[in-house]
């Protein structure tokens with residue numbers, strides 16, 4: 002279960018408001034006319050019972066209830082990859098994204114010898130950019146634990162026979178997983194001026 006650290010939501014002015022009250026206001030704005038009256042009541046009741054699962058502010062970030070992830074290396078020698086060149090507009094975007102991650106406690110300053118370059122990737126059907134790290138050189142040294150994934154056809158068969166289906170998008174899902182303190186240096190990157198490392202799990206690591 003994904004639970005936000007802060008049980009208070011923030012409005013646009015930064016004033017803290019009660020989560021349930023804010024969730025009620027958001028529900029009033031949703032078009033649920035395709036549902037019968039009793040169905041709308043049941044849906045709202047279910048949502049209010051699980052209000053902690055929903056993100057109500059841009060700074061809210063969940064935290065999954067599992068031990069922090071540890072990165073195992075076959076070779077402890079630090080990797081330092083050269084930084085990629087970015088146009089001025091991209092540099093500005095990188096600085097803004099780094100500031101946002103820092104405010105959410107996703108990253109922290111680093112003094113490590115490791116260094117991987119930053120990459121900006123366009124999001125599908127969006128003009129915004131996704132902040133990525135090119136971990137290819139790090140991945141060559143990571144120990145990969147093999148696991149067995151469930152078969153897709155088995156999952157589809159198990160889901161058959163129900164009347165309603167729901168799709169759920171986790172907000173910044175990787176960042177809801179804590180990274181072990183001893184593994185953080187491995188994720189070090191630079192915004193062009195300062196070194197940072199991840200406190201939450203970044204995507205792009207081959208062991209995940």
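Residue numbers (the numbering used here): 2 to 209. Don't be surprised by glycine CBs; every beta carbon is placed ideally from N, CA and C.
First and last residue of the uninterrupted beta strand (DSSP E) at residue 123: If you look at residue 123, you'll find it in the beta strand (DSSP E) that goes 119-123.
Which runs of the alpha helix (DSSP H), 4 residues or longer, sit entirely within the stretch 35-105? Taking only runs of at least 4 residues, the alpha helix (DSSP H) segments lying wholly in the stretch 35-105 are 38-50 and 89-104.
Thinking C-alpha only, which one of 57, 127 and 82 is nearest residue 23? When the alpha-carbon of residue 23 is set against those of 57, 127 and 82, the nearest one is in 57.
According to DSSP, residue 110 sits in a beta bridge with which residue or residues? 197, per the DSSP bridge assignment.
What separation, rounded to the nearest whole angstrom, lies between the Cα atoms of residue 61 and residue 99? For residue 61 and residue 99, the distance between alpha carbons rounds to 16 angstroms.
Near residue 199, what residues of its chain come up, given a Cβ to Cβ distance below 7 angstroms and the 5 sequence neighbours on each side ignored? Around residue 199: 107, 108, 180, 185 and 188.
Please classify residue 102 as buried or exposed, where buried requires at least 16 neighbouring CB atoms within 10 angstroms. It counts as buried.
Just verifying my parser: in three-state terms, what is the DSSP assignment at residue 12? With a pLDDT of 41 at residue 12, under the threshold of 50, the modelled position of this residue cannot be trusted; read the value that follows with caution. Taken through DSSP and simplified to helix, strand or coil, residue 12 comes out as coil.
Span separating the alpha-carbon of residue 71 from that of residue 33: Going by the C-alpha atoms only, they are around 44 angstroms apart.
Are residue 82 and residue 135 close, meaning C-beta to C-beta below 8 angstroms? Yes.
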